[in-house]
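**Q** In my numbering, the protein residues as written are -15 to 191.
One structure is given below, represented as structure tokens, and several questions about it will come after.
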Amino acid sequence: MKRIRLILLLIILFGLESKITAIGGAYSDLGDGTIQDAGNRLLWRKCIRGRGTAGMNYTDCGTSSGPAESSNWTNALSYCRNLGTTLGDGRQWRLPSVKELISIVDYRVTSMPIINASLFPNTTTGRYWTSTNSFAMGSSPTLSGNGNNESDPKQYVASSENIDQHYKIPEGTSYRSMVYIVDFAIGGVVEYPKSNTNGYVRCVTSY
């Protein structure tokens, strides 16, 4: 039954109109800490958060450095959004949608993590945050600061009809309290509470 539910979920996530194709296309290591997915016009961070050093241009994914590898969802969002400033590369890094992240699961791999280790070395086996909200409901916190909508880290949610379309949610209004994560131990998608601190992070940007 669980296998059937997983298959149905993947069919829904990768509907006929999906623009994201699964791994196996034209991937290139650009040598600057990024992996290019030419087919989907995406750039992935080669190392997950908390891996790699500036001196090695964040290509040494076997080295632990910087922030903790895992965190809650809010922290993960903030980390990716600020990554362009941190790296000074001018790119608009973000947390990937569930369709984007599941596309780098490589089902040809027979051991954990279920990912191409040549492209994405030293990937910690675990659950990785996406920006795609699930159906469980909650309420958005009121944040300190200037009070405008741009200060709310939970303002972007993907619609169920078009995963690439996003909407802004003002502070203090209802938002979804669960998101989809991609589990690289099993290569599947699971709902996860945003407050859980055990989620890992791999940032992406479009080009």
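Glycine included, each C-beta is placed from N, C-alpha and C at the ideal position.
Keep in mind that this is a model prediction, so the values were computed, not measured.
In whole angstroms, what separates the C-alpha of THR43 from that of ASP73?
**A** In the sequence shown, the residue the question calls residue 43 occupies position 59. In the sequence shown, the residue the question calls residue 73 occupies position 89. Cα to Cα, THR43 sits roughly 15 Å from ASP73.
**Q** Does the distance from the C-beta atom of SER54 to that of GLY36 stay below 8 Å?
**A** Numbered from 1 along the sequence shown, position 70 holds the residue referred to as residue 54. Numbered from 1 along the sequence shown, position 52 holds the residue referred to as residue 36. For SER54 and GLY36, no; Cβs fall outside 8 Å.
**Q** Please determine, among LEU103, GLY23 and ARG92, the residue with the shortest C-alpha to C-alpha distance to GLY186.
**A** Indexing the sequence shown from 1 puts residue 186 at position 202. For clarity, residue 186 is Arg in the given sequence; the question names Gly instead. Nearest C-alpha to ARG186: LEU103.
**Q** Using DSSP's beta-bridge definition, name the partner residues of PRO177.
**A** As a working mapping, residue 177 is identified with position 193 in the sequence shown. According to DSSP, which records beta bridges pairwise, PRO177 is partnered with MET162.
**Q** Where does GLY172 sit, in a helix, a strand or coil, going by DSSP?
**A** For the purposes of this step, residue 172 is taken as the residue at position 188 of the sequence shown. In this structure, GLY172 counts as strand in the three-state DSSP scheme.
**Q** Check each candidate in LEU71, VAL174, SER81 and SER179 and name the one with the smallest Cα separation from ARG195.
**A** Nothing can be reported for residue 195: it is not among the residues displayed for the chain, which extend from -15 to 191.
**Q** Here's a check: name, in chain order, each residue in its chain whose Cβ is nearer than 7 Å to the Cβ of TYR191, leaving out the five neighbours to either side.
**A** The residue given as residue 191 occupies position 207 in the sequence shown. ARG25 and LEU27.
**Q** Please say whether ASN106 and ASP90 have beta carbons closer to each other than 8 Å?
**A** For this step, residue 90 is matched to residue 106 along the sequence shown. For this step, residue 106 is matched to residue 122 along the sequence shown. No, the pair does not count as a contact, with Cβ atoms beyond the cut-off.
**Q** What's the call for ALA192, buried or exposed, on a 16-neighbour Cβ count within 10 Å?
**A** Residue 192 is absent from the structure shown; the chain starts at -15 and stops at 191.
**Q** In this structure, does DSSP put ARG33 in helix, strand or coil?
**A** Indexing the sequence shown from 1 puts residue 33 at position 49. In the structure shown, ARG33 sits in coil (DSSP, three-state: anything other than H, G, I, E or B).
**Q** What does a CB cutoff of less than 7 Å around TRP57 pick up in its chain, not counting 5 residues either side in sequence?
**A** In the sequence shown, the residue the question calls residue 57 occupies position 73. Here the set comprises TRP113, VAL163, LYS178 and GLY183.
**Q** Which residues in the same chain have their Cβ closer than 8 Å to the Cβ of ILE170, if we skip the five residues on either side of it in sequence?
**A** As a working mapping, residue 170 is identified with position 186 in the sequence shown. So the list reads ILE98, once near-sequence residues are dropped.
**Q** Need the endpoints of the alpha helix (DSSP H) that SER49 sits in, please.
**A** For the purposes of this step, residue 49 is taken as the residue at position 65 of the sequence shown. Per DSSP, SER49 belongs to no alpha helix (DSSP H) and is neither H nor E.
**Q** Identify the residues that DSSP records as bridge partners of THR189: which are they?
**A** Counting from one through the sequence shown, the residue named residue 189 turns up at place 205. Its beta-bridge partners are LEU27.
**Q** Expressed to the nearest angstrom, what Euclidean distance is found between the alpha-carbon atoms of ILE165 and VAL173?
**A** Taking the first residue of the sequence shown as 1, we reach residue 165 at position 181. Taking the first residue of the sequence shown as 1, we reach residue 173 at position 189. Cα-Cα distance, rounded: 6 Å.
**Q** Do LEU79 and SER115 have their CB atoms nearer than 8 Å?
**A** Along the sequence shown, read from residue 1 onward, the residue named residue 79 stands at position 95. Along the sequence shown, read from residue 1 onward, the residue named residue 115 stands at position 131. Yes, the pair counts as a contact, with Cβ atoms nearer than the cut-off.
**Q** Going by other Cβ atoms of all chains shown within 10 Å of its Cβ, with 16 needed for buried, is THR266 buried or exposed?
**A** The structure shown does not extend to residue 266, since the chain spans only -15 to 191, so no value can be given for it.
**Q** What number of angstroms, rounded off, separates the C-alpha of PHE168 from the C-alpha of TYR176?
**A** The residue you call residue 168 lines up with position 184 of the sequence shown. The residue you call residue 176 lines up with position 192 of the sequence shown. The straight-line gap from Cα to Cα measures roughly 14 Å.
**Q** What span of residues does the alpha helix (DSSP H) with SER12 cover, start to end?
**A** Taking the first residue of the sequence shown as position 1, residue 12 is located at position 28. Run containing SER12: none in the alpha helix (DSSP H); it sits in the beta strand (DSSP E), 11 to 13.
**Q** Sort THR109, ALA60 and ARG75 by Cα distance to THR18 and report the nearest one.
**A** One-based indexing of the sequence shown puts residue 18 at position 34. Checking every option, the nearest Cα to that of THR18 belongs to ARG75.
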